[in-house]
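Engineer: What follows is a structure written as structure tokens; I'll ask about it next.
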RNA sequence: GGCGGGGUAGCUCAGGUGGUUAGAGCGUCGGAUUCAUAACCCGAAGGUCACGGGUUCAACUCCCGUCCCCGCUACCA
């Protein structure tokens, strides 16, 4: 179906998710986004299509300003560092962006502000005043992340305004107990501020028609399902502005200290980057975004589906002059050796480190990541698999066939392509199969089935190995050298096909192979054609395309990860000691021995348990978030410690009077804190 | 709890408007071979297609329920 679609399109605009410039690139990013997108655009270029491949660093947002504060540098210095690192490692890895821009660039600020202004003038936004925390000393509004306080759930003292890192709960700044500004340390005050909202709900009919009706069958199930879920749940207006000084300034009067919210400015980065490319290359960039004959495709990970399928399209639609994406082939997540990849926990294989540790092996990683890409569900990357795919597939099948062919060509024909004689069935079959491959591989790529496309590419090499083994030229040569001419001619045609068809997947290898064959670059559809290498054409000496990866190399990488895991388990499992408290503050808490009388799960919740306890003073109800770890029956009769004078609070409609004390390990599992002996209910703790 | 995605050979994955022996690659085992980086080639073993019901002449494929994994979402005082 995509093949027919392409006929409608004159050009392709391909974007890859903008990496956030607060850390380096890892294998998860690559497998999910950059490798598939790169395969896609390299293929389109070989097809002779007009295509641009857009990316850049996403450099705004609060996390970057926090990181800058922590390191005592400016946000610009943070993004400069990572932008450069990311850009260089992408280039070295062969990700063939036409432009890799950045959102701190003036072109972007101008473009993003322009989109905002156009939308503003069209009345696309709703203005709303609200109360937000403000630091009077620094005279600025505080981002959620800039407010700390005591987590109302776990009493962790350094919870942030958006999330408690100790218990993982997401919070809102006003939930925090005893909030403090991270800038001045003062208690922030609530102050009125005005923000602009994008009323996503008003665009629901458009989204329903566009996604749920017209893309029902050509979007991936995970993407379509997620969109449907969001739309059906009802969309809410979303604030597009923030009180912050790092970002794109609002292009309106009297809006000092306000910037575009990072999710609003980031996707516009694709447009800015295209504009930058157009200006530096003397091209009309607007066609790529505004002409309905342009096919816009966003490559992203599943965490970005909502932004690229709902929010950004609504923005483009509301702006009025832009096209909407034709497809958003989002991938799932790649895990690493049994655990989620985590930048903060350093659980990752970093691209820039890989390039150092495995020089010249870009294609190996590209191959492995494509073969194990999480196209339909999360998948695991393991170093053992990496080694096996290199040694048993790339080397043993692809590299080996090329090597065998070239060695034999030199051995029997002095490096000249022999002339084919009378074709036998086997020869004909091999050549016919070859002719089918550009179409088969291409069709899979156009349908975003990169794993299958890659497997087909390898099948060409498999076919070559089988053909060569069955033809046995090394046996036949003595009595029938003419037959060997035909056989090796056929093998060389297969190699030439591989040299072209491998390019989207293994660009470095393809180049090497083309050089070995003295083959100049050709268009994709030429790959099936015979006589890419005419009789008498000289080929160069065989060089190895891949080398074996030994156990020691893999072990070194595994050790590196084990070291990380060890550090994580030691350093981070125990949260840091909280700031000192006075004795008075401690003794203000009234903790008692109590006994659980009844327990039942709160309906329609995952974690909540409604518990009736005898505190020695009274019988009371406590709601506790422990249902994931305990069965209600197992709790009855248990001695527990109860924080008895905690302010009552309604949870899911149930009034909770106090809180049960629990210990939590680094896996998040809970256990009761109990007195060693069965003391009477009501016994105080001090 | 709600919503979405997924649960198919040891591993990574295909597949199917329901229809004879459920596929591929890798791994394993056996054979053959030497042109090739002990690689290639041939063959074999391996699956009650998560589980339980239902519809049907027939289900892995459709329907209902349950369980497990991932994500979004509510909840964790």
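In the working numbering, the protein residues as written are 10 to 695. Where is the CB? At the ideal position from N, CA and C, for every residue including glycine.
1) Going by C-alpha distance, which of 691, 262, 34 is nearest residue 353?
2) Could you give the C-beta distance for residue 23 and residue 50, rounded to a whole number, given that I count them as a contact under 8 Å?
3) Buried or exposed for residue 96, going by 16 or more other Cβ atoms inside 10 Å?
4) Does the distance from the CB of residue 610 to the CB of residue 636 come in under 7 Å?
5) Between which residues of its own chain and residue 363 is the CB-CB distance below 7 Å, once the five residues before and five after are set aside?
6) Which residue or residues does DSSP assign as beta-bridge partners of residue 605?
7) Let's see if you can read the secondary structure: which residues bound the beta strand (DSSP E) around residue 187?
8) Classify residue 593 as buried or exposed, calling it buried when 16 or more other Cβ atoms lie within 10 Å of its own Cβ.
9) Touching or not, the stretch 137-148 and the stretch 305-321, by the rule of three or more beta carbon pairs under 8 Å?
10) Check this for me: beta carbons of residue 271 and residue 337, under 7 Å apart or not?
11) Between 324, 569, 653, which lies nearest to residue 355 when the distance is taken from Cα to Cα?
12) Report buried or exposed for residue 533, applying the criterion of at least 16 other Cβ atoms within 10 angstroms of its Cβ.
13) Can you tell which of 103, 59, 252 has its C-alpha closest to the C-alpha of residue 45?
14) Output yes or no for whether 7 Å exceeds the beta carbon distance between residue 444 and residue 543.
15) May I ask which residues mark the beginning and end of the alpha helix (DSSP H) holding residue 87?
16) Rounded to the nearest angstrom, what separates residue 625 and residue 608 at their Cα positions?
17) Given 6 Å as the limit, tell me if residue 513 has its C-beta closer than that to any heavy atom belonging to the ligand GDP.
18) Going along the chain, which residues of its own chain have a beta-carbon closer than 7 Å to the beta-carbon of residue 82, five neighbours each way excluded?
19) Who are the near neighbours of residue 328 in its chain, counting only those whose CB is closer than 6 Å to its CB and skipping five residues on each side?
20) If we count Cβ pairs, one from each stretch, closer than 8 Å, do we get three or more for the stretch 406-422 versus the stretch 64-73?
21) Do residue 647 and residue 687 count as a contact pair if the criterion is CB distance below 7 Å?
22) If you draw a straight line from the alpha carbon of residue 561 to that of residue 379, how long is it in whole angstroms?
23) Just checking, does the stretch 481-495 make contact with the stretch 513-530 on the three C-beta pairs under 8 Å criterion?
24) Quick one: what's got a C-beta closer than 6 Å to residue 377's C-beta in the same chain, skipping five residues either side?
25) Can you check whether the CB of residue 153 is closer than 7 Å to the CB of residue 188?
26) Quick one: what does DSSP say residue 581 is sitting in, helix, strand or coil?
27) List in chain order: all unbroken alpha helix (DSSP H) runs of 4+ residues lying wholly within the stretch 256-292.
28) Out of 601, 425, 320, which has the shortest C-alpha to C-alpha gap to residue 240?
29) Find the nearest neighbour of residue 275 within the set 32, 254, 111, judged by alpha-carbon distance.
30) If contacts are defined as beta-carbon pairs under 8 Å, then residue 634 and residue 651 qualify, I think. What distance do you get, rounded to the angstrom?
31) So if DSSP puts residue 652 in a beta bridge, which residue, or which two residues, is it bridged to?
32) For the stretch 330-370, list the beta strand (DSSP E) runs that are entirely contained and at least 3 residues long, ordered along the chain.
33) At the level of alpha carbons, what is the spacing between residue 302 and residue 59?
34) Give the single residue among 313, 575, 27 whose Cα lies nearest to the Cα of residue 92.
35) Could you tell me if residue 290 is buried or exposed, where buried requires 16 or more neighbouring beta carbons within 10 angstroms of its beta carbon?
Structural biologist: This is what the structure gives:
1) 34
2) 5 Å
3) buried
4) yes
5) 374
6) 622
7) 186-190
8) Exposed, since its Cβ has fewer than 16 Cβ neighbours within 10 Å.
9) no
10) Going by beta carbons, residue 271 and residue 337 fall outside the 7 Å limit.
11) 569
12) buried
13) Nearest C-alpha to residue 45: 103.
14) no
15) 84-102
16) 18 Å
17) As for the ligand GDP, it is missing from this structure, which has no ligand bound.
18) none
19) 124, 127, 128
20) no
21) no
22) 24 Å
23) Result no; under three Cβ-Cβ pairs closer than 8 Å.
24) In chain order, 395, 398 place their CB closer than 6 Å to the CB of residue 377, counting only its own chain and leaving out the 5 sequence neighbours on each side.
25) no
26) Model confidence at residue 581 stands at a pLDDT of 48, short of 50, so the residue's coordinates are unreliable and nothing is read from them.
27) 271-290
28) 320
29) Ranking 32, 254, 111 by Cα distance to residue 275 puts 111 first.
30) 15 Å between Cβ atoms; not a contact.
31) The secondary-structure analysis by DSSP pairs residue 652 across a beta bridge with 600, 668.
32) Counting whole runs of 3 or more residues, the stretch 330-370 contains the beta strand (DSSP E) stretches 343-345.
33) 11 Å
34) 27
35) Residue 290 comes out exposed.
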